[in-house]
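Structure record follows, encoded as C-alpha cells.
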Amino acid sequence: MDIKARTVLRPSSSDLWFLAFLPLAISDGIATPLIPLLALQHFGASAFVVTIIIAASAMSQVPFTIVWGNLSDRVAHRKFFLVGSFLATGVSIILIALAHDLITYFWLNVVEGLASAASAPIGTMLLLETRHKRWWPQDIGLFGLISGIGTTVGLLLGFVWLFGIGRNAPAVQVMTGLLLLSGALALLSAGVAWAWIEEPTRRVERRSVAELLHLHRGIVERARNLRNRISGVVDLTRAPAQRLPGREWLFLAALGVMCVGFDIFYGPFPVFLWQTAHFSDAGVFVVYLGSAAASSSLFFHSGKAVETHSPKRVFVESLYGRVGLMLLFLWGPLYVLFGLGSPALLAWLTILNALLGVTWAFISTASTLFLVRLVGRSARGRALGLYNAVGGAGSLLGVLLGGWMYASFGVHFAYSVAAITVVVGAILLSPIPYHVFQAPRPASHRRSLTRSSRATLWPPLGRRRDR
C-alpha cells in the first residue's frame with residue numbers, strides 16, 4: 240500500500256461541499272463593517288452603543304459555540320446542525336436589515352450570534368470526520384483560503400454596491416439592501432450545504448483533535464465574532480486538569496493584555512472612520528479591504544518567517560510594529576494636509592490598516608507557535624484551550640473599554656491607551672527564556688511542525704464580524 244496515496248473519506252462523491260462556506264464568507268465580508276455603520280446612520284447610535292451591540296452578540300456566541308458542539312457530538316446529525324446554522328444566520332441578518340428601532344436591532348444581533356455559533360465547531364468536526372488524519376492540515380488550510388477569499392470578495396462587493404450601484408440613493412436604503420444581500424448569501428450557503436453534504440460514516444472525539452485545531456483570530460481582526468477565539472474544538476469543561484508552569488501562565492497573561500489593547504483600538508474603529516475621518520460608507524469598506532487583502536495574502540508566508548527565526552522574536556517585533564502603526568492613526572499634520580474625507584486621507588489610512596493586517600498575519604502565526612513550543616505535548620491541548628479563552632475574554636473587555644473611552648474621552652485617549660496596553664503585553668513576554676525557542680530539531684520534524692501549525696491557523700468556519 241502506498242502510504243503517500245491520498246486516502247479520502249467523503250460525505251459525498253465530490254469535495255464541492257467545501258464551497259458551502261464561500262457564500263457565508265462573502266456575507267461576512269459585507270456585514271463586517273456594515274452592522275456598525277447601519278447602527279450609526281439609521282438609528283443614530285453612539286460609539287459606545289455600537290460597541291455594546293458588537294460585544295453583546297459576541298457574548299451570546301461564546302457559550303453557544305461549546306453548547307452546539309457538545310450537542311452535535313450527542314446527536315448523529317451534524318449536517319442538520321450546520322444547515323440550520325446557515326439558515327438561521329441568513330434569516331437573522333435579513334431581519335436585522337428590516338429592524339425599525341435600536342432595541343430590536345440589538346436583540347436581533349444577539350439572536351444572530353446564537354444562530355451562527357454552531358457553524359464553527361460543527362463545520363470543523365464535519366471536515367475531520369470526512370478526511371483522513373494525514374490530510375487534515377492541508378484541508379483546513381483550504382478552508383482558510385476559502386474564508387480569506389470570501390471575506391475579501393465581500394468587502395469588494397460592498398464597496399462596489401455603495402460607491403457604484405447606490406451612489407445616488409439614500410445611504411440607509413442602500414445599506415439596507417446590501418445587508419439583505421448578505422443575508423441572502425448566508426441562505427445560499429444553507430442551500431449548498433443541504434444539497435452537497437451527507438452525514439459522515441465515522442465520528443471523531445473533539446478531545447482527540449484539541450492539539451491540532453486551535454485558535455486563529457481571523458483574516459480580518461474583528462470583535463463581533465468572539466466565538467472565533469473560543470474554538471469549540473477544545474472543551475475546557477471536559478479537558479483534564481493539567482497544571483501549567485509559571486512561564487506558560489505569564490504568556491497567557493501577556494496575551495490577555497494584548498487582546499485588550501487590540502480591541503480598544505478596533506472596537507470603535509468603524510466609528511472612527513465614519514465620524515472622525517469623515518469617510519463615506521464606501522470608504523470604510525476600502526479601509527477594511529486593505530487589511531483583509533494584506534492578511535489573507537501573507538498568512539501562509541508568515542510561517543516561513545517563524546520557521547527561520549524564533550517565534551518569540553517574530554511575535555515581539557510584530558507587536559512593536561503594530562504599536563507604531565496604531566499611533567500613526569492619531570491626529571497629525573497629515574490629516575490637515577490631506578483633508579478630512581479626502582481620497583488622499585483614505586489612501587493613507589487604507590495603507591496603515593493594510594500594514595496592521597500584515598502585522599496581524601505574523602502575530603497570529605507566531606503567537607500560536609510560541610505557545611506550542613513553550614508547553615509540553617501532554618499539556619498542549621489544555622494550554623491552547625486557555626489561549627482561546629484568555630484571548631476571547633481580553634478581546635471582549637477591550638471592545639467595551641474602547642467604545643467607552645472613545646465616547647467619553649475621544650479617539651486620542653482611546654488609541655493611546657490601546658498602544659500602551661499592547662506595549663505592556665509585549666513587556667510581559669520578556670522574562671520568558673529566549674533559548675527555549677532555539678532548541679535544535681530534526682529538519683523533517685521542523686518542517687512538519689511548521690506546516691501543520693501554519694495550516695491550522697485558519698478562521699473557524701462560521702460568521703465573523705469586525706473588530
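Just so we're on the same page, the numbering used here is the position in the sequence shown counted from 1, plus 239. Virtual Cβ for every residue (Gly too), placed ideally from N, Cα, C.
- When C-alpha distances from Leu366 are compared across Gly352, Ala521, His339 and Leu321, the shortest belongs to Leu321.
- Looking at Ala294, His339 and Ala357, the one whose alpha-carbon comes closest to that of Phe325 is Ala357.
- One thing to note: Ser266 has its Cβ within 8 angstroms of the Cβ of Ser421.
- When the five nearest sequence neighbours on each side are left out, the beta carbons in the same chain lying within less than 8 angstroms of the beta carbon of Phe609 are those of Phe490, Pro550, Lys551, Phe554 and Phe676, in order along the chain.
- With contact defined as three or more Cβ pairs closer than 8 angstroms, the stretch 659–674 and the stretch 523–540 are not in contact.
- Tyr344 sits away from Ala423, with the two beta carbons spaced by 8 angstroms or more.
- Nearest to Ile503 by C-alpha distance, out of Ser606, Arg406, Ala632 and Leu394, is Ala632.
- Distances from the CA of Ser355 to each of Val330, Val499 and Ile342 were compared; the closest alpha carbon is that of Val330.
- Taken atom to atom, the span from the alpha-carbon of Leu401 to that of Ile671 is near 48 angstroms.
- Pairing Leu494 with Ser647 gives a Cβ-Cβ distance that is not under 8 angstroms.
- With a threshold of 16 other beta carbon atoms within 10 Å, Gly630 meets it and is buried.
- Of all C-beta pairs linking the stretch 257–271 to the stretch 282–292, fewer than three are shorter than 8 angstroms, placing the two stretches out of contact.
- A residue is called buried when at least 16 other Cβ atoms come within 10 angstroms of its Cβ; Gly403 does not meet this threshold and is exposed.
- Ranked by how close their Cα comes to the Cα of Gly416, the residues Leu273, Cys498 and Phe511 have Leu273 in first place.
- Comparing C-alpha distances from Ile332 to each of Val392, Phe319, Gly397 and Ala425 shows the shortest one belongs to Ala425.
- Taking all protein chains in view, the Cβ of Arg406 is surrounded by fewer than 16 other Cβ atoms within 10 Å, so the residue is classified as exposed.
- In terms of CA proximity to Val431, Phe260 leads the group Phe652, Thr660 and Phe260.
- When the Cα atoms are used, Gly387 and Phe601 turn out to be separated by approximately 15 angstroms.
- The three-state secondary structure of Glu438, taken from DSSP, is coil.
- Around the C-beta of Pro507, 16 or more other C-beta atoms lie within 10 Å, and the residue is accordingly described as buried.
- Ala583 sits in a helix when the DSSP states are folded into three classes.
- Between Tyr505 and Leu569, the beta carbon gap of about 15 angstroms keeps them out of contact (Cβ cut-off 8 angstroms).
- In this structure, Ala336 lies near Leu419, with their beta-carbon atoms less than 8 angstroms apart.
- Residue range Pro572 to Phe577 is occupied by the alpha helix (DSSP H) that includes Val575.
- Here Gly637 carries a helix assignment [DSSP, helix/strand/coil].
- Between Gly641 and Thr290, the alpha-carbon positions lie close to 8 angstroms from each other.
- In this structure, Leu573 lies away from Ala516, with their beta-carbon atoms at least 8 angstroms apart.
- Annotated three-state conformation of Asn407 is coil, per DSSP.
- Excluding residues up to 5 positions away in sequence, Ser296, Thr328, Ser331, Ile332 and Ile335 lie with their Cβ nearer than 7 angstroms to the Cβ of Glu351 in the same chain.
- A Cβ-Cβ separation of about 35 angstroms leaves Leu613 out of contact with Val526 under the 8 angstroms criterion.
- Around the Cβ of Ile342, a 10 Å sphere holds fewer than 16 other Cβ atoms; the residue is exposed.
- Taking C-alpha positions only, Thr604 is separated from Leu636 by approximately 23 angstroms.
- With contacts defined as CB atoms closer than 8 angstroms, Phe501 and Val650 fail to qualify as a contacting pair.
- If you draw a straight line from the Cα of Val399 to the Cα of Arg486, it is about 48 angstroms long.
- Residue range Phe260 to Phe282 is occupied by the alpha helix (DSSP H) that includes Asp267.
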